[in-house]
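Residue 57 in the UniProt record's numbering is what sits at position 57 of the sequence shown, and the numbering runs on without skipping anything.
To keep things clear, I will list the structure first and then write my remarks on it.
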Amino acid sequence: MLKKLTKPMLIIALGLVLGFPLFSLTYYAMVRTSTPQFCASCHEIRPAYNDWKTSSHVNNAQGFVADCMDCHLPAPHDTWNFFYAKTAHGIKDVAAHVMGNEYDRQEQRENAYAAFKNSQCQKCHRNILYIPDKRGAMLAHRSVLYPRPGYEKRCVDCHRNLVHVPREIYAYKQYQPPYRGQGL
Numbered sequence: 001m002l003k004k005l006t007k008p009m010l011i012i013a014l015g016l017v018l019g020f021p022l023f024s025l026t027y028y029a030m031v032r033t034s035t036p037q038f039c040a041s042c043h044e045i046r047p048a049y050n051d052w053k054t055s056s057h058v059n060n061a062q063g064f065v066a067d068c069m070d071c072h073l074p075a076p077h078d079t080w081n082f083f084y085a086k087t088a089h090g091i092k093d094v095a096a097h098v099m100g101n102e103y104d105r106q107e108q109r110e111n112a113y114a115a116f117k118n119s120q121c122q123k124c125h126r127n128i129l130y131i132p133d134k135r136g137a138m139l140a141h142r143s144v145l146y147p148r149p150g151y152e153k154r155c156v157d158c159h160r161n162l163v164h165v166p167r168e169i170y171a172y173k174q175y176q177p178p179y180r181g182q183g184l
């Protein structure tokens, strides 16, 4: 009886001994590569990072900060999609950086806008029908949430130049780091 249990127990123990460090290293790599500063470490992304720093997604009266991952990747609680998207973005960006491909900023913006989904914005902006103080804005937001067939709209159709456009001034300069929760 003991001999029958030894082999499965050994396999489970070996799986834990190998699996835990592999999982820990993967998680550590994900956390370390999930900061805006890491994204900006490539010269191709530096202009987008500088534009982001002056945008309302960083500098606002509430002190809230939406970083690169908040907009460009699925929510971290959707683990497999997040891991896949982060890995795919990383491989694509590293390959472009290493191969020295010419970075066409306008083309990259258009590609990003074409792929952008409303759900990316609605992770943070939930009650958009009640935010605007003007009826026209409320009706525009309603047409996004409840579109008629053939008239589907996306957030970026109206809010296109919100983040990644050059600005000379900060609307709300943050002199101390805003509060950020720990983790991904």
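From the three backbone atoms N, C-alpha and C, an ideal C-beta is built for every residue, glycine too.
Remember, predicted model here, so these are calculated numbers, not experimental data.
Inter-residue Cα distance where the pair is residue i and residue j
i	j	result
residue 103	residue 11	48 Å
residue 124	residue 99	35 Å
residue 126	residue 105	30 Å
residue 184	residue 67	Summary for residue 184: the model assigns pLDDT 44, below 50, so the residue's position carries little reliability; its value from the coordinates is reported in the next sentence. When rounded, the distance between both Cα atoms is 11 Å.
residue 113	residue 18	41 Å
residue 7	residue 81	35 Å
residue 85	residue 95	15 Å
residue 3	residue 37	54 Å
residue 20	residue 83	17 Å
residue 142	residue 129	6 Å
residue 92	residue 75	20 Å
residue 55	residue 22	37 Å
residue 187	residue 25	A question about residue 187 goes unanswered here, because the residues of the chain that appear run from 1 up to 184.
residue 147	residue 139	11 Å
residue 136	residue 122	19 Å
Start-to-end residues for the alpha helix (DSSP H) that takes in residue i
i	result
residue 133	Careful: residue 133 lies outside any alpha helix (DSSP H) and carries neither H nor E.
residue 107	105-115
residue 61	Here residue 61 belongs to no alpha helix (DSSP H), and DSSP marks it neither H nor E.
residue 101	Taken as a continuous stretch (DSSP letters only), residue 101 belongs to no alpha helix (DSSP H), as it is neither H nor E.
residue 119	118-122
residue 127	Unbroken run through residue 127: none, as it is neither H nor E.
residue 49	46-53
residue 163	Premise fails: residue 163 is in no alpha helix (DSSP H) and is neither H nor E.
When the options are compared against residue i, the one with the closest alpha-carbon
i	options	result
residue 88	73, 77 and 78	73
residue 53	95, 65 and 42	65
residue 111	91, 160, 84 and 31	160
residue 97	14, 33 and 45	45
residue 115	137, 29 and 157	157
residue 79	142, 30 and 22	30
Residue i CB to nearest heavy atom of the ligand FMN below 6 Å
i	result
residue 160	Ligands displayed in this structure: none; no statement on the ligand FMN is therefore possible.
Cβ separation of residue i and residue j, assumed to be a contact under 8 Å, to the nearest whole Å
i	j	result
residue 144	residue 134	Incorrect: roughly 15 Å between the Cβ atoms, too far for contact.
residue 185	residue 120	Shown here, the chain extends from 1 to 184; a query on residue 185 therefore has no answer.
Beta-carbon proximity check, residue i vs residue j, cutoff 7 Å
i	j	result
residue 118	residue 155	yes
residue 57	residue 163	yes
residue 27	residue 40	no
residue 9	residue 34	no
Residue i at chain D interface by Cβ criterion, 7 Å
i	result
residue 144	Absence of chain D from the displayed structure is noted, only one protein chain being present.
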